[in-house]
Amino acid sequence: LPPLLPSAPSLFPFSFLALFFPAMAPRRLATQPINQLFRYISTKTPIVVYFFGKRREYHGLLVGFDEYMNIVVQDAAGSTMLIRGDCIAGIAMDENDGKEVEAAAHGAAEQAVAA
């Protein structure tokens, strides 16, 4: 037998159902911070680290992290810095895609050759 009434999705648009039944609305899954940090390491994405209470930021490549969000960042000159998780206000992808970091590394290499 054919159904007497059309099915619910064809009778009502999905957005209409989502108004009354929020469980039916599509959910956007947030990326877990630890997964985002792992993505920064695996793709070697330049990052910028913002600190609490200071108008200071640190640019570099993420080398490692642990469960307390302590991170190890390597800057353009090759120096490595350990930053404790309780000082970090935020971590983001570097806006200029590392051009500033690469330029500083290139300048450091030229200075080393000249010396």
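Residue numbers -31 to -1, 1 to 84, in mature numbering (1 follows the signal peptide of the UniProt record, and there is no 0), belong to the letters of the sequence shown in order. Positions of the beta carbon are idealized from the N, C-alpha and C atoms, including for glycine.
Residue range 2 to 12 is occupied by the alpha helix (DSSP H) that includes Thr12.
With fewer than 16 other Cβ atoms from the protein chains shown falling within 10 Å of its own Cβ, Ala(-2) counts as exposed. Excluding its 5 nearest sequence neighbours in each direction, Tyr37 has C-beta neighbours in its own chain below 7 Å: Gly54, listed in chain order.
When DSSP states are grouped into helix, strand and coil, Gly59 belongs to the strand group.
In the DSSP annotation of this structure, the continuous segment of the beta strand (DSSP E) that includes Leu30 starts and ends at 26 to 34. Counting the other Cβ atoms within 10 Å of the Cβ of Leu30 gives 16 or more, which makes it buried.
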